[in-house]
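Asks:
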Amino acid sequence: MKKRKFSKRKQEEVDAILPFMSLLIIIIPLLLSNLAFYHFRIIETSRPGASDPDQAQTEIKPDKERKITAKLLIEPKISHLEFLDESDGRTLKDLKRSSDKAGAIDLFEYLQKIKKRFPKLNTVMITTHVDVIYEKMVNILDVFKTDLPEFVEESRDVAEISVEEKDGFTFNLVIMPAIAELSVK
Amino acid sequence: MSKFNREKKEPEKLNITSLMDALTIILIFLLVNYSEVNEEKEIPKFIELPQVEGEIGKTEFGIVMVIGENKIKVGTDTVIDYSNFENEKEAILAKIGERLDLLKKDKERVIASSPNAKTKKIKISIQADRMVPYKRIDAIIEKATESSLNYIDFVSLNKED
Numbered sequence: 062m063k064k065r066k067f068s069k070r071k072q073e074e075v076d077a078i079l080p081f082m083s084l085l086i087i088i089i090p091l092l093l094s095n096l097a098f099y100h101f102r103i104i105e106t107s108r109p110g111a112s113d114p115d116q117a118q119t120e121i122k123p124d125k126e127r128k129i130t131a132k133l134l135i136e137p138k139i140s141h142l143e144f145l146d147e148s149d150g151r152t153l154k155d156l157k158r159s160s161d162k163a164g165a166i167d168l169f170e171y172l173q174k175i176k177k178r179f180p181k182l183n184t185v186m187i188t189t190h191v192d193v194i195y196e197k198m199v200n201i202l203d204v205f206k207t208d209l210p211e212f213v214e215e216s217r218d219v220a221e222i223s224v225e226e227k228d229g230f231t232f233n234l235v236i237m238p239a240i241a242e243l244s245v246k
Numbered sequence: 040m041s042k043f044n045r046e047k048k049e050p051e052k053l054n055i056t057s058l059m060d061a062l063t064i065i066l067i068f069l070l071v072n073y074s075e076v077n078e079e080k081e082i083p084k085f086i087e088l089p090q091v092e093g094e095i096g097k098t099e100f101g102i103v104m105v106i107g108e109n110k111i112k113v114g115t116d117t118v119i120d121y122s123n124f125e126n127e128k129e130a131i132l133a134k135i136g137e138r139l140d141l142l143k144k145d146k147e148r149v150i151a152s153s154p155n156a157k158t159k160k161i162k163i164s165i166q167a168d169r170m171v172p173y174k175r176i177d178a179i180i181e182k183a184t185e186s187s188l189n190y191i192d193f194v195s196l197n198k199e200d
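Put into structure tokens, the structure is as follows:
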């Protein structure tokens, strides 16, 4: 009699965990199918080309705000960051740093300072030398694709901020055709 | 009589406690390594992707193009072999162009059939070997631009701390 009572209690315990077991049997194959052994990183860029122009880019904007373009030239040893005034094509500043992560961080910090002064600056045109290897290029571009959440807060009173920018601003990277000759140092 | 008693003995009970422990550990491991990426979870063996430190952003692949030392893979099935890229450039780029046009049409069809699609951009996701010179990547980007594929993503691996 005592033995039967014990066995009945045991059976109830097994019955209680059966739904959890069923859940595990469903969840585990589902998770297995989506298992990621690698975590990829993606740097989004664009290239001006023969395609239909982007409607947003063709809109005529008021001239009262100065438009500045940043140009990044990646060479095997040195990277240049140049700021051009779009209205007259004048170079405002030209910086040179080593073509590595530390140099890129330095250039990016300067780019942030310029962005605070000229809020319309949101595009960096990238030109890469033909001999630069993929690893070097990706390491430099990754720095320039860093989110700037704090900056959005600071610039709120001086510039119009689009909905996308509120979520964390990142510069648009435009990839230009590669160059073969080294720039004059 | 004793033989009859042995036959009536209750069957042995299975202790599932250790099984439950194992399943719980597996569940935690799988949840940690869960990925929302539905395609290209494997890196082709002919390339070594560069590793970049930092936080992982969004990973949404477009038309995947894998560029190796002697091989280029366009999409999921077309593989173009070569021994010298510069000498065979024209033929390689022609093949890439043909394949890209087909893949682009497929993507356009998919986008057209799903009006609620998040983005209508068709992107090229470049996965190149870490030592591939930009010269080769640029020639391929130029070819993609001819097919009106102007959005280029450069893929790398996240460097674990």
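Protein chains in written order, with our numbering: chain B, 62 to 246; chain L, 40 to 200. Backbone N, C-alpha and C define an ideal beta-carbon position, used for all residues, glycine too.
1) When the Cα atoms are used, what is the spatial distance from Ala-151/L to Asp-60/L?
2) At what residues does the alpha helix (DSSP H) containing Ala-165/B begin and finish?
3) Cβ of Pro-109/B within 6 Å of any heavy atom in the ligand SAM?
4) Count the other CB atoms within 10 Å of the CB of Glu-136/B; is the residue buried (16 or more) or exposed (fewer)?
5) For chain B, find out if any of its Cβ atoms is closer than 7 Å to the Cβ of Pro-89/L; answer yes or no.
6) Alpha carbon to alpha carbon, how far is Val-194/L from Leu-202/B?
7) Drop a sphere of 10 angstroms on the beta-carbon of Lys-182/L, count the other beta-carbons inside from all chains shown, and report buried for 16 or more, exposed for fewer.
8) Rounded C-beta distance between Ile-163/L and Tyr-121/L? I'm assuming under 8 Å.
9) Is any beta-carbon of chain B found at less than 7 Å from that of Leu-69/L?
10) Can the beta-carbon of Leu-133/B be found less than 7 Å from the beta-carbon of Leu-142/B?
11) Using only the alpha-carbon positions, how far apart do Leu-142/L and Arg-151/B sit?
12) Give the DSSP-derived three-state secondary structure of Phe-101/B in the structure shown.
13) Express the C-alpha separation of Phe-68/L and Ala-131/B in angstroms, rounding to a whole number.
14) Report the three-state DSSP secondary structure of Met-104/L (helix, strand or coil).
15) Using a Cβ-Cβ cutoff of 9 Å, what residues of the segment 194-208 of chain B are near chain L? List them in chain order.
16) Straight-line CA distance for Ile-89/B to Glu-81/L?
17) Expressed to the nearest angstrom, what Euclidean distance is found between the alpha-carbon atoms of Glu-196/B and His-100/B?
18) Which residues in chain L have a C-beta closer than 8 Å to the C-beta of Thr-106/B? List them in chain order.
19) Inspect the beta-carbon positions of Asp-168/L and Glu-108/L and report whether they are closer than 7 Å.
20) Could you give the residue range of the alpha helix (DSSP H) that holds Thr-63/L?
21) Confirm, please, whether the CB-CB distance from Ser-186/L to Leu-139/L is below 7 Å.
22) Quick one: what's got a C-beta closer than 8 Å to Ala-239/B's C-beta in the same chain, skipping five residues either side?
23) Do Lys-138/B and Ser-160/B come within 7 Å of each other at the CB atom, strictly closer than that value?
24) Name the residues in the segment 165-179 of chain L whose C-beta lies less than 8 Å from a C-beta of chain B; which are they?
25) For the alpha helix (DSSP H) that contains Asp-177/L, what are its first and last residues?
26) Have a look at Ile-104/B and Lys-160/L and give me their C-alpha separation to the nearest angstrom.
27) Could you check which residue in Ala-130/L, Ile-102/L, Asn-126/L has the C-alpha nearest to that of Val-149/L?
28) From this set, Pro-180/B, Val-199/B, Gly-164/B, which residue's C-alpha is nearest Ile-165/L's C-alpha?
29) List, in chain order, every chain L residue whose beta-carbon is nearer than 8 Å to that of Pro-238/B.
30) Consult DSSP for Val-194/L and reduce its assignment to one of helix, strand or coil.
31) Could you spell out the range, first to last residue, of the alpha helix (DSSP H) harbouring Lys-134/L?
32) Taking only three categories from DSSP, how would you classify Val-224/B?
33) Below 6 Å CB to CB, which residues in the same chain sit around Lys-128/B once its five sequence neighbours on both sides are set aside?
34) Any C-beta of chain L sitting closer than 7 Å to the C-beta of Asp-76/B?
35) Let me know the secondary structure DSSP gives Ile-78/B once reduced to three states.
36) The segment 163-190 of chain B: which residues have C-beta closer than 8 Å to a C-beta of chain L, in chain order?
Replies: Working from what's here:
1) Whole-angstrom Cα-Cα distance: 48 Å.
2) 162-178
3) This structure does not include the ligand SAM; it has no bound ligands of any sort.
4) buried
5) yes
6) 11 Å
7) buried
8) Not quite, the Cβ-Cβ distance comes to about 19 Å (not below 8 Å), so this is no contact.
9) yes
10) Cβ atoms of Leu-133/B and Leu-142/B: closer than 7 Å.
11) 42 Å
12) Here Phe-101/B sits in strand by DSSP.
13) 44 Å
14) strand
15) Ile-194, Tyr-195, Glu-196, Lys-197, Met-198, Val-199, Asn-200, Leu-202, Asp-203, Val-204, Lys-206, Thr-207, Asp-208
16) Near 20 Å, if we compare the C-alpha coordinates of Glu-81/L and Ile-89/B.
17) C-alpha of Glu-196/B to C-alpha of His-100/B: approximately 16 Å in a straight line.
18) Tyr-190, Ile-191, Asp-192, Phe-193
19) yes
20) 56-71
21) yes
22) Thr-188, Thr-189, His-190, Val-191
23) yes
24) Ala-167, Asp-168, Arg-169, Met-170, Val-171, Pro-172, Tyr-173, Lys-174, Ile-176, Asp-177
25) 173-185
26) 15 Å
27) Ile-102/L
28) Checked all of Pro-180/B, Val-199/B, Gly-164/B; the closest Cα to Ile-165/L is Val-199/B.
29) Near Pro-238/B (Cβ distances below 8 Å), the residues of chain L are Asp-177, Glu-181.
30) Correct three-state label for Val-194/L: strand.
31) 128-152
32) Because Val-224/B sits at a pLDDT of 36, beneath the cut-off of 50, its placement in the model cannot be relied upon, and the following sentence gives the value as read from the coordinates. Residue state, collapsed to three classes: helix.
33) Glu-147, Lys-181
34) no
35) helix
36) For the segment 163-190 of chain B, the set of residues with a beta-carbon nearer than 8 Å to any beta-carbon of chain L comprises Thr-189, His-190, in chain order.
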